[in-house]
Amino acid sequence: MTEAHFQAVHIIGGGLAGSEAAWQLATRGVPVVLHEMRPNRTTAAHKTAALAELVCSNSFRSDDREHNAVGLLHEEMRRLGSLIMRAADANQVPAGGALAVDREGFAAAVTDALAAHPLIEIAREEIAGPPPKDWDSVIVATGPLTSPALAAAIAARTGEDALAFFDAIAPIVHRDSIDMSVAWLQSRYDKAGPGGSGADYVNCPLAREQYHAFVDALVAGDKITFHDWEAAATPYFDGCLPIEVMAERGRETLRHGPMKPFGLTNPHSPDVKPYAVVQLRQDNKLGTLFNMVGFQTKLRHGEQTRIFRSIPGLENAEFARLGGLHRNTFLNAPKLLDGTLRLKAEPRLRFAGQITGCEGYVESAAIGLLAALFAAAERRAEFLAPPPPTTAHGALLAHITGGHVETIDAGPRSYQPMNVNFGLFPPLAQAVKGDGGRRLRGTEKALAKKRALAARALADLERWIAGDTHAAAALASEASGQRGKLLKCARRTLALSGARRRAAAE
Ligand SMILES: Cc1cc2nc3c(=O)[nH]c(=O)nc-3n(C[C@H](O)[C@H](O)[C@H](O)COP(=O)(O)OP(=O)(O)OC[C@H]3O[C@@H](n4cnc5c(N)ncnc54)[C@H](O)[C@@H]3O)c2cc1C
């Protein structure tokens, strides 16, 4: 098959994920039609017609590629020729160790690059129902504020329970930062349940005074309020109330809810019954992350760290994710999507960005990037192995497409939005050591571990890129600024597919 025969891939949504996906496909010679509903129809958070608009903060968070997982993701995206990272780097504003951008300059750079690319057609229209049957390869990247008509079509295809319209995020703690000389492993009444062992929860005990001080701190803690538009669309319901709202309902409410102490015996002091217990449940298959059961919250992040570290056993807790509750739209991706982000029930549809359950500008763009690489490989009838799980891209993808452990209890759905973090990476094969094999401790050990994980990730990413020969060629030709004859042929194809699309619409 020659390049001229590629059909266009349709991308719905020109946000962080859709914009990156369009760029990646086009740089691999695959034509794209990017459907963006703004400015004809907008969302409650977007304000402009620009592609890749940042709806809130102008920060891409830490740019430290050695000690921070999102900084590492930045670096990997740069190495994969990311347009989002190129535009961010070119529009950087001073922000210490963070990568912050001039938001207008950033969005203009992305919009201009996409508009100028000969293989990308931008269609300003809402896709208000199921994507037309003759679109054989579609990337849905419509984000947390997917338009209601499309959301209804997705829910109809996936099942109502599979698409959530708000999140209820409980904090997640790195397992190795929990003090197990205070906490212990046990399931309530030692029940094994399906897939359990009878010792599946980490339990943190509170005495009466500790419990009351904790409730007081929750009630007094500084909280984030909903935006007006969010409040109307994000109802609280029993089963996923914020922990502080439960605390406000009565001093004993939590003791009879998520902090109930029944069916548990503390092996560290079997004769003392805890007054209340905080339970943490394994969150990922690697067993490196545990979520605080029932602790969804709207407390500010600083308050969460301060208050939750007052829980016995969690004094030195390192949080992989802090809690939250937002208007959102996301799939139960681990159940619904295959390893290349395709809907198992309808493989012509791929999902990318926040709708897959990742969280944040950078993560959304990274998943857009991967969705495009998979779609491009498919178009070219090439095989593309997923990135190794030791890379930031691979770790995030593995979490979305299967690394998460589904809850065994009633309550809010346990798959909730996730930022990239080192807890998603497979542990190192060997413990890190100092000079001359010196044993490391505390912060020095934590930093050395992160450096080792990051170095492993970049080495594995390089090997993966080298294996993806077309990616390497696309990056090389992009770098030299010569796209050559390939693009001329594919441009013709795009014109033909556009004409066909318009004819079909008429
Ligand atoms: C209020 C709010 C504040 C946030 N603040 C931050 C923050 O400070 N930092 C951070 O990292 N993340 C933040 N996020 C999360 C952030 O939005 C996402 O992480 C990121 O923008 C998601 O990228 P995306 O490409 O998946 O979706 P988006 O960037 O939202 O892009 C989706 C695009 O799809 C379009 N669209 C929707 N439906 C249709 C349709 N049917 N047809 C055609 N087009 C459609 C939308 O107009 C939009 O342009 C925030 C989210 C919200 C809602």
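Heads up: the sequence shown runs through residues 568 to 1073, numbered per the numbering used here.
All C-beta atoms, glycine included, are put in the ideal place defined by N, C-alpha and C.
Does the beta carbon of residue i fall short of 7 Å from some heavy atom of ligand 1?
{"i": "THR725", "result": "no"}
{"i": "ILE967", "result": "no"}
{"i": "GLY920", "result": "yes"}
{"i": "SER931", "result": "yes"}
{"i": "CYS771", "result": "no"}
{"i": "GLY927", "result": "yes"}
{"i": "ARG876", "result": "no"}
{"i": "VAL705", "result": "no"}
{"i": "ARG653", "result": "no"}
{"i": "MET604", "result": "yes"}
{"i": "GLY582", "result": "yes"}
{"i": "PRO994", "result": "no"}
{"i": "GLY585", "result": "yes"}
{"i": "ALA695", "result": "yes"}
{"i": "HIS613", "result": "yes"}
{"i": "CYS807", "result": "no"}
{"i": "ILE579", "result": "yes"}
{"i": "THR864", "result": "no"}
{"i": "SER714", "result": "yes"}
{"i": "VAL622", "result": "yes"}
{"i": "LEU717", "result": "yes"}
{"i": "PRO711", "result": "yes"}
{"i": "THR610", "result": "yes"}
{"i": "ALA942", "result": "no"}
{"i": "ALA662", "result": "no"}
{"i": "ALA787", "result": "no"}
{"i": "ALA708", "result": "yes"}
How many whole angstroms separate the CB atoms of residue i and residue j, which I take to be in contact at a CB cut-off of 8 Å?
{"i": "GLY906", "j": "THR958", "result": "Wrong, their Cβ atoms sit about 15 Å apart, outside the cutoff."}
{"i": "PRO993", "j": "PRO956", "result": "6 Å"}
{"i": "ALA1019", "j": "LEU995", "result": "6 Å"}
{"i": "ILE810", "j": "PHE862", "result": "5 Å"}
{"i": "ALA589", "j": "ILE578", "result": "5 Å"}
{"i": "VAL637", "j": "VAL929", "result": "6 Å"}
{"i": "ALA737", "j": "GLY854", "result": "Not a contact, Cβ separation roughly 17 Å."}
{"i": "LEU650", "j": "ALA680", "result": "6 Å"}
{"i": "HIS641", "j": "ARG632", "result": "7 Å"}
{"i": "HIS634", "j": "LEU1014", "result": "6 Å"}
{"i": "LEU831", "j": "ARG775", "result": "The pair is not a contact, with the Cβ atoms about 16 Å apart (cut-off 8 Å)."}
{"i": "LEU937", "j": "LEU964", "result": "6 Å"}
Alpha carbons only, please: which of the options is nearest the one belonging to residue i?
{"i": "PRO825", "options": "ASN607, LEU808, SER836", "result": "LEU808"}
{"i": "GLN777", "options": "PRO711, ARG876, ALA716", "result": "ARG876"}
{"i": "VAL740", "options": "ARG947, ALA655, ALA887", "result": "ALA887"}
{"i": "ALA843", "options": "VAL999, ARG816, ILE878, THR609", "result": "ILE878"}
{"i": "ALA676", "options": "PRO698, ALA617, TRP796", "result": "ALA617"}
{"i": "PHE781", "options": "ARG822, ILE721, THR1010", "result": "ARG822"}
{"i": "LEU881", "options": "ASP701, GLU620, PHE732, ARG742", "result": "ARG742"}
{"i": "GLN846", "options": "ASP728, LEU963, GLY672, VAL769", "result": "VAL769"}
{"i": "LEU712", "options": "VAL999, ALA1024, THR923", "result": "THR923"}
{"i": "GLU1083", "options": "PRO834, ARG1023, GLY788, PHE829", "result": "Here the chain covers residues 568 to 1073 and nothing more, so residue 1083 does not appear."}
{"i": "PHE573", "options": "SER586, VAL597, GLN591", "result": "VAL597"}
{"i": "GLU587", "options": "ILE1032, ILE687, VAL668", "result": "ILE687"}
{"i": "GLY672", "options": "ALA662, ALA682, ASN658, GLY664", "result": "ASN658"}
{"i": "PHE793", "options": "VAL668, ASN895, VAL999", "result": "ASN895"}
{"i": "ILE689", "options": "GLU603, LEU785, SER626, PHE897", "result": "GLU603"}
{"i": "SER836", "options": "THR872, LEU903, CYS771", "result": "CYS771"}
{"i": "HIS684", "options": "ARG608, VAL599, TYR756, LYS614", "result": "VAL599"}
{"i": "GLU643", "options": "ALA1033, GLU1029, GLY1034", "result": "GLU1029"}
{"i": "LEU773", "options": "LEU730, ALA729, PHE829", "result": "PHE829"}
{"i": "MET859", "options": "LEU903, ALA735, THR725", "result": "ALA735"}
{"i": "GLU797", "options": "ALA998, GLN997, GLN591, HIS893", "result": "HIS893"}
{"i": "LYS852", "options": "HIS966, GLY961, THR725", "result": "HIS966"}
{"i": "TRP702", "options": "PRO606, ARG628, LYS1012, LEU601", "result": "LEU601"}
{"i": "HIS1074", "options": "ARG818, GLN983, ASP767", "result": "For the chain, the structure presents residues 568 to 1073; residue 1074 sits outside this window and is missing."}
{"i": "ALA720", "options": "SER704, ALA695, ASN883", "result": "ALA695"}
Counting only beta-carbon atoms, is residue i nearer than 8 Å to chain D?
{"i": "LEU847", "result": "This model lacks chain D altogether, as it is built from one protein chain only."}
Could you tell me if the beta carbon of residue i falls within a distance shorter than 7 Å of some heavy atom in ligand 3?
{"i": "GLY869", "result": "Judged by which ligands are present, ligand 3 is missing from the structure shown, whose ligands are ligand 1."}
Assess contact between the region 940-949 and the region 984-991, defined as three or more Cβ pairs (one per stretch) separated by less than 8 Å. Is contact present? no
Counting beta carbon pairs with one atom in the region 857-866 and one in the region 713-721, are three or more of them shorter than 8 Å? no
Decide if the region 615-630 is in contact with the region 579-594; the criterion is three or more beta carbon pairs, one per stretch, under 8 Å apart. Yes: the two stretches touch, three or more of their Cβ pairs being nearer than 8 Å.
For the region 702-713 against the region 912-926, do three or more pairs of beta-carbon atoms, one drawn from each stretch, fall closer than 8 Å, so that the two count as touching? When C-beta atoms of the region 702-713 are compared with those of the region 912-926, three or more pairs fall below 8 Å, so the two segments count as touching.
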